[in-house]
Amino acid sequence: MKSEALDSLPHSYPFRFIDRILELDSKKGIAVKNISVNEPFFQGHFKEEPIFPGVLIIEAMAELSGLVMNCGKTGKTKAYLARVKDIKFKTVVVPGDQLVIEAELEQNLSGIASFSVKASVSNNIVADGGLVMATA
Amino acid sequence: MSDIKEKLKEMLVKRLKLKMEAKAIGDNTALFGEGGLGLDSIDALELVVGLQKEFNVVINDKAVAEKVLISVNTIADFIEGAKT
Numbered sequence: 750m751k752s753e754a755l756d757s758l759p760h761s762y763p764f765r766f767i768d769r770i771l772e773l774d775s776k777k778g779i780a781v782k783n784i785s786v787n788e789p790f791f792q793g794h795f796k797e798e799p800i801f802p803g804v805l806i807i808e809a810m811a812e813l814s815g816l817v818m819n820c821g822k823t824g825k826t827k828a829y830l831a832r833v834k835d836i837k838f839k840t841v842v843v844p845g846d847q848l849v850i851e852a853e854l855e856q857n858l859s860g861i862a863s864f865s866v867k868a869s870v871s872n873n874i875v876a877d878g879g880l881v882m883a884t885a
Numbered sequence: 681m682s683d684i685k686e687k688l689k690e691m692l693v694k695r696l697k698l699k700m701e702a703k704a705i706g707d708n709t710a711l712f713g714e715g716g717l718g719l720d721s722i723d724a725l726e727l728v729v730g731l732q733k734e735f736n737v738v739i740n741d742k743a744v745a746e747k748v749l750i751s752v753n754t755i756a757d758f759i760e761g762a763k764t
């Protein structure tokens, strides 16, 4: 069920930033992204000090939020990132970390939905804030 | 009632980051479209979240949203109506 949900993401390698879904329903999702040193962007971000880009944490949050919106529906997830609200990055994410992403639906008004999102490593929050996703 | 309207206008400016003062918004100023505040559908969602958090009123469907989110007056009427 959860792996099928992951298959509904239109994203694929090298632009999928969710490896596994831990929990998913129409209100909330929790997913994991393992940060591997082999990922291509680490060649430049940064050569001497590999850091998982903050924008890609937002991307993972957006992918998961899309899955929450699509939960219970058939076919590919089709949700566009419409707004990034006050996302704060508290500490860097580096190769070897396991990023746990959470997205919780706040409000869905006819296909435009706001989410409260956070990402953590070893139970420490590394980023949090809000996103708005739109299905049309 | 006028208290609610003042509070609503302040919420509009703060939540939607409008570049104007709360008192510059008229009670009947259109929230959407040209000639009004020019809000969009993403602002509408933010407004619905704000109404729930700050005024404890829930708008769950589009039909209600279209009737309520017209002006400060229509939202204030909805909040008043929800109390009774």
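Protein sequence lines correspond, in order, to chains R and B.
If you use the working numbering, the first sequence corresponds to residues 750 to 885, in order.
If you use the working numbering, the second sequence corresponds to residues 681 to 764, in order.
Ideal Cβ placement from N, Cα and C applies to all residues, glycine included.
Within 8 angstroms, strictly: CB atoms of residue i and residue j
{"i": "R/Val-849", "j": "R/Ile-779", "result": "yes"}
{"i": "R/Ile-806", "j": "R/Ala-876", "result": "yes"}
{"i": "B/Leu-717", "j": "B/Leu-725", "result": "no"}
{"i": "R/Leu-880", "j": "R/Met-810", "result": "yes"}
{"i": "B/Ile-722", "j": "R/Arg-765", "result": "no"}
{"i": "B/Leu-719", "j": "B/Leu-696", "result": "yes"}
{"i": "B/Glu-701", "j": "B/Val-693", "result": "yes"}
{"i": "B/Ile-684", "j": "B/Ile-759", "result": "yes"}
{"i": "R/Ser-863", "j": "B/Val-729", "result": "yes"}
{"i": "B/Ala-756", "j": "B/Met-681", "result": "yes"}
{"i": "B/Met-691", "j": "B/Glu-734", "result": "yes"}
is_contact[residue i, chain B] using C-beta, thresh 8 angstroms
{"i": "R/Glu-853", "result": "no"}
{"i": "R/Val-881", "result": "yes"}
{"i": "R/Ser-859", "result": "yes"}
{"i": "R/Ala-831", "result": "yes"}
{"i": "R/Ser-863", "result": "yes"}
{"i": "R/Gln-847", "result": "no"}
{"i": "R/Gln-792", "result": "no"}
Below-8 angstroms beta-carbon distance, residue i vs any chain R residue
{"i": "B/Lys-699", "result": "no"}
{"i": "B/Leu-725", "result": "yes"}
{"i": "B/Ile-750", "result": "no"}
{"i": "B/Val-728", "result": "yes"}
{"i": "B/Ala-710", "result": "no"}
{"i": "B/Ile-722", "result": "yes"}
{"i": "B/Ala-745", "result": "yes"}
{"i": "B/Gly-694", "result": "For clarity, residue 694 of chain B is Lys in the given sequence; the question names Gly instead. No, no contact with chain R."}
{"i": "B/Lys-703", "result": "no"}
{"i": "B/Lys-689", "result": "no"}
{"i": "B/Lys-742", "result": "yes"}
Counterpart residues of residue i in DSSP-defined beta bridges
{"i": "R/Asp-877", "result": "R/Lys-837 and R/Lys-867"}
{"i": "R/Tyr-762", "result": "DSSP output for R/Tyr-762 lists no bridge partner at all."}
{"i": "R/Gln-856", "result": "R/Ser-863"}
{"i": "R/Gln-847", "result": "R/Asn-783"}
{"i": "R/Glu-772", "result": "R/Ile-779"}
{"i": "R/Arg-832", "result": "R/Val-881"}
{"i": "B/Leu-719", "result": "B/Phe-712"}
When the options are compared against residue i, the one with the closest alpha-carbon
{"i": "R/Gly-821", "options": "R/Leu-773, R/Phe-864 and R/Phe-766", "result": "R/Leu-773"}
{"i": "R/Gly-815", "options": "R/Tyr-762, R/Lys-834, R/Asn-873 and R/Gly-860", "result": "R/Gly-860"}
{"i": "R/Asn-783", "options": "R/Gln-847, R/Gln-792 and R/Glu-797", "result": "R/Gln-847"}
{"i": "R/Glu-797", "options": "R/Glu-855, R/Met-882 and R/Val-843", "result": "R/Val-843"}
message = For the structure I just gave you, are there three or more beta carbon pairs, one from the region 819-828 of chain R and one from the region 787-799 of chain R, closer than 8 angstroms?
response = As far as the Cβ criterion goes, the region 819-828 of chain R does not touch the region 787-799 of chain R, which means the pair count is below three.
query = How do the region 867-885 of chain R and the region 738-757 of chain B stand: do at least 3 beta-carbon pairs fall below 8 angstroms, yes or no?
reply = No, because fewer than three Cβ pairs between the region 867-885 of chain R and the region 738-757 of chain B fall closer than 8 angstroms, the two stretches do not touch.
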